[in-house]
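Numbering (this note's numbering), first residue to last: 1 to 335.
Encoded structure:
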């Protein structure tokens, strides 16, 4: 009886310990056209941005790293076997009085130029954002100083601030004030160079801010107007907070350009054989870098100056970024 039960049992149950695998499924082959389309979607963005990174690595990152390499050597032009001195150039730099003088001059010109430049640019943008007649003409007009030749600008302002026959001193005499030797006086030269910088770059920054203002939806201003906010209140509480990304961009670019200033003071120096005035009264860090590299032929020392200036720019730009973001956020909090 038991033998018959075992003999009539289900073969599938009897072999349940070793199940039969299912037949293999043949993988569907993806056509080449579909694979190329998938690769295009996945990798084409990297191909599009690759030229930028290649150019940046060639003309930006490599010179920066190579300058850091040169800064740890006693490297002069024509020296085939420079000696390694470690941080010797940096130690000598921090004990160099001429470097500190150039740094103070740079910061002074930067403060006198960048602060008023951004404030005036925002006010000009607000004025151009109103319903003026011939808006295109006004916008082109404020951009003309930026398009003008920098050499021509330097010659014009050197004559305007001339000690003997300059127009600025003539106006001071009309107002009953004493003449100023703008090129010999330290603070006076800083003011003159800052005016030159502001005249050239204010219109450019104003157009950037104007573009951001025109991107603000009018419904926001109309809602503030319905709530009873006046023009000044709308500008402070509505416009400025919405301009925060643009203001941060303008502040950072102005910081980078202001701390690297070279051409304006170089053209303002009318005395032959000097580099920033007879007593270095308006010599900037970049001018001292140029003097160290191409007049004193000390490439290692000049590279150390370049790296210190690079770190100073990063620190000041970061501080300005935090301040700008904080000031713009205050307007949003008050609302």
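Note that the Cβ used here is the ideal one computed from N, Cα and C, for glycine as well.
Assuming residue 192 contacts residue 182 under a Cβ cut-off of 8 Å, what Cβ separation, rounded to an integer in Å, is found between them?
As a working note, residue 192 is residue 192 in the chain shown. As a working note, residue 182 is residue 182 in the chain shown. With a Cβ gap of about 5 Å, residue 192 and residue 182 count as contacting.
Which stretch, first to last residue, makes up the alpha helix (DSSP H) that contains residue 167?
Position 167 of the chain shown, counted from the first residue, corresponds to residue 167. Per DSSP, residue 167 belongs to the alpha helix (DSSP H) from 167-174.
So residue 311 and residue 302 are in contact, right, with Cβ under 8 Å, and what is the actual spacing, rounded?
What you label residue 311 is simply residue 311 of the chain shown in a count that begins at 1. What you label residue 302 is simply residue 302 of the chain shown in a count that begins at 1. Their Cβ separation, rounded to whole angstroms, is 15 Å, which puts residue 311 and residue 302 out of contact at 8 Å.
Would the segment 241-257 and the segment 139-151 be scored as touching if the rule is three or more Cβ pairs under 8 Å?
Segments in contact, no.
Just tell me which of 74, 120, 238, 205 has its CA closest to the CA of residue 297.
Here residue 297 is taken as the residue at index 297 of the chain shown, counted from 1. The shortest C-alpha separation from residue 297 is found at 74.
Can you tell me which of the three DSSP states residue 76 falls into?
If you number the chain shown from 1, residue 76 lands on position 76. Looking at residue 76 - three-state DSSP - the assignment turns out to be strand.
Which runs of the alpha helix (DSSP H) spanning at least 4 residues fall entirely within the segment 77-158, listed in chain order?
88-94, 97-128, 135-147
Let's see if you can read the secondary structure: which residues bound the alpha helix (DSSP H) around residue 239?
Along the chain shown, read from residue 1 onward, the residue named residue 239 stands at position 239. First-last for residue 239: undefined, no H or E at that position.
With distance defined between alpha-carbon atoms, name the residue in 56, 76, 265 nearest to residue 113.
Within the chain shown, numbered from 1, the residue matching residue 113 stands at position 113. The option with the nearest alpha carbon to residue 113 is 265.
My output table needs one value for residue 320: the three-state DSSP class, helix, strand or coil.
Along the chain shown, one-based indexing puts residue 320 at 320. Residue 320: helix per DSSP, three-state reduction.
According to the Cβ coordinates, are residue 323 and residue 110 closer than 7 Å?
Mapped onto the chain shown, residue 323 falls at position 323. Mapped onto the chain shown, residue 110 falls at position 110. Against a cut-off of 7 Å, the Cβ pair of residue 110 and residue 323 comes out as no contact.
For residue 269, does the three-state DSSP call read helix, strand or coil?
Numbered from 1 along the chain shown, position 269 holds the residue referred to as residue 269. The three-state secondary structure of residue 269, taken from DSSP, is coil.
Could you give the DSSP three-state label for residue 181: helix, strand or coil?
The residue labelled residue 181 in the question sits at position 181 within the chain shown. Of the three classes helix, strand and coil, the one that applies to residue 181 here is coil, per DSSP.
Would DSSP call residue 227 helix, strand or coil?
Here the question's residue 227 lines up with position 227 in the chain shown. It is coil, neither helix nor strand.
For residue 292, which residues in the same chain have their Cβ closer than 7 Å to its Cβ, ignoring the five residues on either side in sequence?
In the chain shown, counting from the first residue as 1, residue 292 sits at position 292. So the list reads 298, 301, 302, 305, once near-sequence residues are dropped.
Below 7 Å between beta carbons: does that hold for residue 209 and residue 121?
Residue numbering aside, residue 209 sits at position 209 when the chain shown is read from its first letter. Residue numbering aside, residue 121 sits at position 121 when the chain shown is read from its first letter. Contact: yes.
Pair every Cβ in the segment 156-176 with every Cβ in the segment 209-229, then say whether three or more of these pairs are closer than 8 Å.
no
Quick one: Cα of residue 83 to Cα of residue 93, how far?
As a position in the chain shown, residue 83 is number 83, starting the count at 1. As a position in the chain shown, residue 93 is number 93, starting the count at 1. Answer to the nearest angstrom: the Cα atoms are 18 Å apart.
I'd like the list of long-range same chain contacts for residue 199, defined as Cβ closer than 6 Å, with 5 residues on each side in sequence excluded.
Against the chain shown, residue 199 aligns to sequence position 199. So the qualifying residues of the chain are 145.
Measuring alpha carbon to alpha carbon, tell me which residue in 179, 246, 309 is nearest residue 103.
Looking up residue 103 in the chain shown gives position 103. If we check each option's Cα against that of residue 103, 309 comes out closest.
With a cut-off of 8 Å, do at least 3 Cβ pairs link the segment 175-190 to the segment 272-288?
yes
What does a CB cutoff of less than 7 Å around residue 76 pick up in its chain, not counting 5 residues either side in sequence?
Indexing the chain shown from 1 puts residue 76 at position 76. 297, 298, 299, listed in sequence order.
Report the option in 217, 215, 263, 241 whose CA atom is closest to the CA atom of residue 197.
By 1-based counting over the chain shown, the position of residue 197 is 197. The alpha carbon of residue 197 has as its nearest neighbour, out of 217, 215, 263, 241, the alpha carbon of 263.
Taking the alpha-carbon of residue 337 as reference, which of 216, 257, 287 has the nearest alpha-carbon?
Coverage of the chain is limited to positions 1 through 335, which leaves residue 337 absent and any answer about it impossible.
Which of helix, strand or coil does DSSP assign to residue 325?
Numbered from 1 along the chain shown, position 325 holds the residue referred to as residue 325. In this structure, residue 325 counts as helix in the three-state DSSP scheme.
Looking at the secondary structure, which residues open and close the alpha helix (DSSP H) in which residue 297 lies?
Mapped onto the chain shown, residue 297 falls at position 297. Note, residue 297: premise wrong, no alpha helix (DSSP H); not H, not E.
Any idea what DSSP makes of residue 62, helix, strand or coil?
Here the question's residue 62 lines up with position 62 in the chain shown. In this structure, residue 62 counts as helix in the three-state DSSP scheme.
For residue 167, which residues from the same chain have a beta carbon less than 7 Å from its beta carbon, with the 5 sequence-adjacent residues on both sides left out?
As a position in the chain shown, residue 167 is number 167, starting the count at 1. The answer, listed in chain order, is 160.
Specify, as a first and last residue, the run of the alpha helix (DSSP H) that residue 202 falls within.
Working through the chain shown from its first residue, we reach residue 202 at position 202. Note, residue 202: alpha helix (DSSP H), 186-214.
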